[in-house]
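Asks: Protein chains in written order, with my numbering: chain R, 1 to 633; chain V, 634 to 1266.
Built from N, CA and C at the ideal position, the CB exists for glycine as well.
Since this is a predicted model, take the numbers as computed values, not measurements.
Encoded as structure tokens, here's the structure I'll be asking about.
Number of protein chains: 2
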Amino acid sequence: MPHGYSGKILRVDLTEEKIEVEEPGELFFRKYMGGATLGAYYLLKELDPGIDPLGPKNKIIFAASVVTGAPVSGFCRYAIVSKSPLTGGIADTQAGGWWAPQLKFAGYEAIIVEGQAEKPVYLWIDDGEVKIKDAKKIWGKDTGETQKIIREELGDEKIRIASTGQAGENLVRYACVLNELKHANGRLGMGAVMGSKNLKAIAVRGSGDINMADEKTVGERAKWFAQNFKDNVSNDRVSEYGTAELVNALNEGGMLPTENFKTGYFENAENLSGERMTEEILVKGEGCYACPVKCKRVVKTEEPYEVNPKYGGPEYETIGALGSFCCVDDLVAVSKGNELCNKYGLDTISTGNSIAFAMECFENGVIDEKDTGGIELEFGNSDAMVKLVDKIAKREGIGDLLAEGVMRAAEKLGEEAEKYAMHSKGEEIAMHDGRAKGMVGFGYMVGPLGGDHVVVEHDTDFDESALDTWVEQAKPLALIERIEAAGMDYQKIRQFMYLQNHFSMMDSLALCVFSFAPVRTLTMEHLVELVNAITGWESSLWELMKQGEKRVTMFRAFNVREGFTPEDDSLPDRLYEPIKSGPLKGLANDREEYEEAKRLYYEMMGWDKETGAPKKSKLIEMDLEWLIDELKI
Amino acid sequence: MPHGYSGKILRVDLTEEKIEVEEPGELFFRKYMGGATLGAYYLLKELDPGIDPLGPKNKIIFAASVVTGAPVSGFCRYAIVSKSPLTGGIADTQAGGWWAPQLKFAGYEAIIVEGQAEKPVYLWIDDGEVKIKDAKKIWGKDTGETQKIIREELGDEKIRIASTGQAGENLVRYACVLNELKHANGRLGMGAVMGSKNLKAIAVRGSGDINMADEKTVGERAKWFAQNFKDNVSNDRVSEYGTAELVNALNEGGMLPTENFKTGYFENAENLSGERMTEEILVKGEGCYACPVKCKRVVKTEEPYEVNPKYGGPEYETIGALGSFCCVDDLVAVSKGNELCNKYGLDTISTGNSIAFAMECFENGVIDEKDTGGIELEFGNSDAMVKLVDKIAKREGIGDLLAEGVMRAAEKLGEEAEKYAMHSKGEEIAMHDGRAKGMVGFGYMVGPLGGDHVVVEHDTDFDESALDTWVEQAKPLALIERIEAAGMDYQKIRQFMYLQNHFSMMDSLALCVFSFAPVRTLTMEHLVELVNAITGWESSLWELMKQGEKRVTMFRAFNVREGFTPEDDSLPDRLYEPIKSGPLKGLANDREEYEEAKRLYYEMMGWDKETGAPKKSKLIEMDLEWLIDELKI
């Protein structure tokens, strides 16, 4: 190998109880650098289309990247990749924290888990020694108990554990995976896939180092970077208020998702704000490996709900979903909901979105107190919200229906209910208004994952003088939200595509989106420099952007193989209806514009305008010609 | 403007005798950085399709780039861009030397010349003072006399002059433009366009500096760069033997174009080699602005031809075209032919190719001694070759026919002759065998310029371990020629596309292809660093590669607007026939493979598979949506 980068893939067959280590070689890692790009490679090669996501034939992949674990802010993340039980398409969901660096220190880039254990197990990775362990003691336990018991059993407090809770065991379709009880691979039901495999947790301890080609450069750059990052991320507001710093600003702009997307303005948003959290219930901020920003929250409350600080505190998305989206203005209730989600292993976005759906169904008589077991499930009922979190995790009563996600629940409840189901491709939509942020809405529509907010993290309407040409997209992107009337133009679609590839590249490298995306002081040049210093490669932003494009292309190929069509690239009707109140009252997306933009976007991506499938020529351009036969094109 | 890069465009209307200076602003230069990308912008905006390339409605643009004139090896070039009288498509032809830096020192990025002077003129650019001057004294004169007279008239020996000779005045369709009598904008008839406008020369003197954002970095990098460049370019063989260092190597590999592409092996190639030139007739090597390599030759001979050293010496392409292609093994005759071409302003490649065509016609009885005025026009007749150069420039006898180029000459001579016409789109093919270098052949086929060797400068069959993935294309490319059997595969087509965009980017920046293309020690990272230090931008290889792709897209759009179809993307039959002799005897291209690859390549480029026209989506992606109406798509 010319540069010497090497990496190991751990493969665990739970059916056969077989553990193997594969070394696919440097060229493989150059082609599939990590995260879901690497994961999608294995899924596309090894999964048959049409398999049951919750059956033994699905595989679940935990993938760091070639740069993960370097002591640099934001280089701590990993993706879980599988076929989603929520959408039936590809799942890619990422978490920060401390688990992924440990995996790298133990010597692995990724873990492929296949098959299905006969009885509950967990995986114990102790550097080179890997064991499938009995999980009897932890099955049925929440994530906190699970972590405690495993650490006791293995006798090491420093073991990092990614586990699901009861929600995963109960196959809630949006059950999630957490490490350190608060860093969630939240979306698309990866906890359910673990549950279906009788896999409760993966515990990992690594004593090695990651092998960096130029440690000195990494160290120097990391030091400078950490300081700059801290100084520049939203003027330190993120350190002080967490991601919840957005609540007030978005509400003032009229774009805080409220009442199941009926509006973007929530009168009592102030009660949910990051400022309020810091003043009233914050214990401390916490961060991820090698990062000084500490954007994670730790909260503690006694009344009216007792919230255990070990489960962290609510992020912006959680406050949106369990709070404003349900018209709940009680930060303590939201914090309790968050704690429960983290204990049970529930995705807070899908949970809150499902509860809001149920609330709207209730208010419109689609369901009633008989269905809810007596709960007055009205918007704003904070106690009902907390109760429903519990019911969903346990699949009790109405919770059993909502555990299927809003798409499936609405199918069962009938046509009226479908109007209240805010999802794309079966995934509940995240807490960004797809009208106020029109290109985020477009991302919900065409994104491979569904209602995911990380397709294009930010909107694409930038300051004209500096950014009215796409060439500027190669730079870190200024976080400027679009607040004027919705509308499509060629420039926005172009910017969407480039931004999408840009964020996709960061996901492929398993980077924190805060690290390089929105902050101008940390340039793409620095990123390339770091990638090169770690791997020993002579990479470039060109190569990295192509890596991002490759990931999107692979995702598309996966979904097409599963039978997805352009019909699946759609938005809920509500996002074509006007925002009900607030500063953006009356704003709506134009359906025809969005449909036209969709076809144009397909063609721009090298996909067939009619079918949305990647063309042979695009697969070849992306060095993915092995997919031509798979897609029968 | 955010960064502060500014540039001026000089516009000269020869009909109205009007001179204007335009400042299109920084964003314009960020979008169209220079060379033919900038030139194509004006042609696409301002030319009506279908106009006569030799009429007053054509425009001719002399364009440096945003980085030209920085004191760095290879940053000295400029492009002449116009509608070609040879192909009817877009022309882009570049030269190094000293003229372009002077243009920048005088304060201009580019000159647009339009209209037609009533009587012969030349242009005199003396910093801010620009004059249209009477050219009576120099009309009818060769380039050497022209340069001498202008310098005397203006009283400054340091004035740099780009001029054409009698060939341009006589509208030889492949008449060229030279600066310093030896740096040629050789191809596609830019001398004829000047002739048609009664524009003999452009003289320029600049006393300013180019405005660099970070002079210190440029200086440091330039110093390091110059030394590395010199040390690493083909182990200094280029310094010692000029580009002619290739002659022996290519012949030994069986790929030296010989006998009008009948074969790739010339028995007497040794007589034409760079080694022989250095031993026997070399006066000295000469270089371009700020470059220590000195790859240009200066030769002097007395017998049997007297060659004046001021016109330089033959390059590899010239030795191929006037030498082996005509089976002429006399380096003195080739040097004389070269001197005459540089005096008259003739492109040596088209000239030699046209003479070989005539020789094959003569040997096959298509023309005879009556046509040639008594010349025994057989392959290997060096004296006949020299005589024909003279006749072509003066359009005397058979020279008048050959001055039209092989496509038009063959049309007049009939079907038999067409088999001997080695052109693509009307441009005579350069001195690289399109079978031995299969992807260079593909470049002749699909390239926008015709038989140009700079579409993909090098072949794409690289060492597997290091380069079998396109991601490696972002690095400087190892010059590894393909010598095994011809054949297409997906990887080659992918690499072709990326390499094409890569070289196109270098042309857009008006860089010497030797500077960044083939030498691994000078990385793309350095190029990006230099571009940024000069312009003050935060560019990236991604942006630069997109600039390259944009140029190719604009060229395609121009040609499509002129009526070019996929039929025009073709190769002469001979390149589908086996090489007659030598190490690669029997090697041929497969027509079906090439046709299939062509359609795949169209689709890869975002062009319509059937028509070859850029799709709306690609124009939008390239920030060229203003071309949608132009192309009526």
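Does any residue of chain V have a CB that is nearer than 8 Å to the CB of M497 of chain R?
Replies: Cβ-Cβ to chain V under 8 Å: yes for M497 of chain R.
Asks: Taking the continuous alpha helix (DSSP H) assigned at R820 of chain V, which residues delimit it?
Replies: Run containing R820 of chain V: none; DSSP gives neither H nor E here.
Asks: For the segment 1236-1261 of chain V, which residues have a CB atom closer than 8 Å to at least one CB atom of chain R, in sequence order?
Replies: So the close ones are E1236, M1237, G1239, K1248, K1249, S1250, K1251, I1253, E1254, D1256 and E1258.
Asks: Just verifying my parser: in three-state terms, what is the DSSP assignment at L199 of chain R?
Replies: Three-state DSSP puts L199 of chain R in a strand.
Asks: Should K651 of chain V be labelled buried (16 or more other beta-carbon atoms within 10 Å of its own) or exposed?
Replies: By the neighbour-count rule (16 or more Cβ atoms within 10 Å), K651 of chain V is not buried but exposed.
Asks: The beta strand (DSSP E) with I812 of chain V in it runs from where to where?
Replies: Note on residue identity: the sequence assigns Asn, not Ile, to residue 812 of chain V. Looking at the DSSP string, the run of the beta strand (DSSP E) that includes N812 of chain V is V810 to N812.
Asks: Is the segment 307-322 of chain R close to the segment 364-379 of chain R, with three or more CB pairs under 8 Å?
Replies: Not touching, per the Cβ criterion.
Asks: Could you work out which residues of chain R lie near L1142 of chain V, taking near to mean beta carbons separated by less than 8 Å?
Replies: Near L1142 of chain V there are no residues of chain R at all, since even the closest Cβ is about 14 Å away, more than 8 Å.
Asks: Which term fits K856 of chain V, buried or exposed, when burial requires 16 or more other beta carbons within 10 angstroms of its beta carbon?
Replies: Answer is exposed; the Cβ neighbour count stays below 16.
Asks: Just reading off the alpha helix (DSSP H) that T1168 of chain V is part of, what are its end residues?
Replies: That run of the alpha helix (DSSP H) goes M1157 to T1168.
Asks: Which word fits P734 of chain V, buried or exposed, when buried means at least 16 other C-beta atoms lie within 10 angstroms of its C-beta?
Replies: So P734 of chain V ends up on the buried side.
Asks: For G4 of chain R versus A175 of chain R, is the C-beta distance shorter than 8 Å?
Replies: Contact flag unset, no.
Asks: Residues of chain V with CB under 9 Å from R551 of chain R, in chain order?
Replies: What R551 of chain R touches in chain V: nothing, since even the nearest Cβ is about 14 Å away.
Asks: Taking D134 of chain R as part of the beta strand (DSSP E), name the residues at either end of that continuous run.
Replies: Segment E129 to D134, the beta strand (DSSP E) holding D134 of chain R.
Asks: Name the chain R residues whose beta carbon is nearer than 7 Å to that of T1156 of chain V?
Replies: Simply E538.
Asks: Quick one: what does DSSP say V916 of chain V is sitting in, helix, strand or coil?
Replies: If DSSP states are grouped into helix, strand and coil, V916 of chain V belongs with the strands.
Asks: Within 8 Å, do at least three Cβ pairs link the segment 269-276 of chain R to the segment 237-250 of chain R?
Replies: Verdict: yes, contact present.
Asks: Considering only the beta carbon of each residue, do L736 of chain V and G839 of chain V sit closer than 8 Å?
Replies: Yes, these two residues count as a Cβ contact at 8 Å.
Asks: How many angstroms separate the CA atom of F1136 of chain V from the CA atom of A356 of chain R?
Replies: When rounded, the distance between both Cα atoms is 55 Å.
Asks: Which residues, in chain order, does the segment 590-602 of chain R contribute to contact with chain V at a C-beta distance below 7 Å?
Replies: Residues L600.
Asks: How would you list, in chain order, the residues of chain V whose beta-carbon sits under 8 Å from the beta-carbon of Y490 of chain R?
Replies: Those are I1253 and E1258, listed as they occur along chain V.
Asks: Does the CB of M1187 of chain V have a neighbour CB from chain R at under 8 Å?
Replies: No, because no Cβ of chain R sits closer than 8 Å to the Cβ of M1187 of chain V.
Asks: With DSSP run on the structure shown, which of helix, strand or coil describes E428 of chain R?
Replies: E428 of chain R falls in the strand class under three-state DSSP.
Asks: Near R1028 of chain V, which residues of its chain fall below 6 Å by C-beta distance, leaving aside the five closest residues on each side in sequence?
Replies: The answer, listed in chain order, is N803 and A1036.
Asks: How should W1175 of chain V be labelled, buried or exposed, when 16 other C-beta atoms within 10 angstroms of its C-beta is the threshold for buried?
Replies: Flag for W1175 of chain V reads buried.
Asks: Flag this pair as yes or no: are the beta carbons of L199 of chain R and Y78 of chain R separated by less than 8 Å?
Replies: Taking 8 Å as the Cβ cut-off, L199 of chain R and Y78 of chain R do not qualify as a contacting pair.
Asks: Could you compute how far the alpha carbon of I843 of chain V sits from the alpha carbon of A795 of chain V?
Replies: Those two C-alpha atoms are separated by around 20 Å.
Asks: Less than 8 Å separating the beta-carbons of Y311 of chain R and K343 of chain R?
Replies: Cβ atoms of Y311 of chain R and K343 of chain R: closer than 8 Å.
Asks: Skipping 5 residues on each side, what residues in its chain have a beta carbon closer than 6 Å to that of C1245 of chain V?
Replies: As written in the sequence, residue 1245 of chain V is Gly, which differs from the Cys given in the question. Taken in chain order, the residues that qualify are P1199 and Y1235.
Asks: Residues of chain R with CB under 9 Å from M578 of chain V, in chain order?
Replies: Any property of residue 578 of chain V remains undetermined from this structure, which presents chain V solely from 634 to 1266.
Asks: Using only alpha-carbon positions, find the residue among V:I642, V:L973 and V:L660 that is nearest to G761 of chain V.
Replies: The shortest C-alpha separation from G761 of chain V is found at V:I642.
Asks: Do you know offhand how far K294 of chain R's Cα is from T68 of chain R's?
Replies: Their Cα atoms are separated by approximately 18 Å.
Asks: Would DSSP call I952 of chain V helix, strand or coil?
Replies: Helix, per DSSP.
Asks: Going by the CB atoms, is the gap between L1163 of chain V and R854 of chain V shorter than 8 Å?
Replies: It is a contact, given that the beta carbons lie within the stated cut-off.
Asks: Checking contacts by CB at 8 Å: is R494 of chain R closer than that to chain V?
Replies: R494 of chain R counts as touching chain V.
Asks: Taking only three categories from DSSP, how would you classify H423 of chain R?
Replies: Strand, per DSSP.
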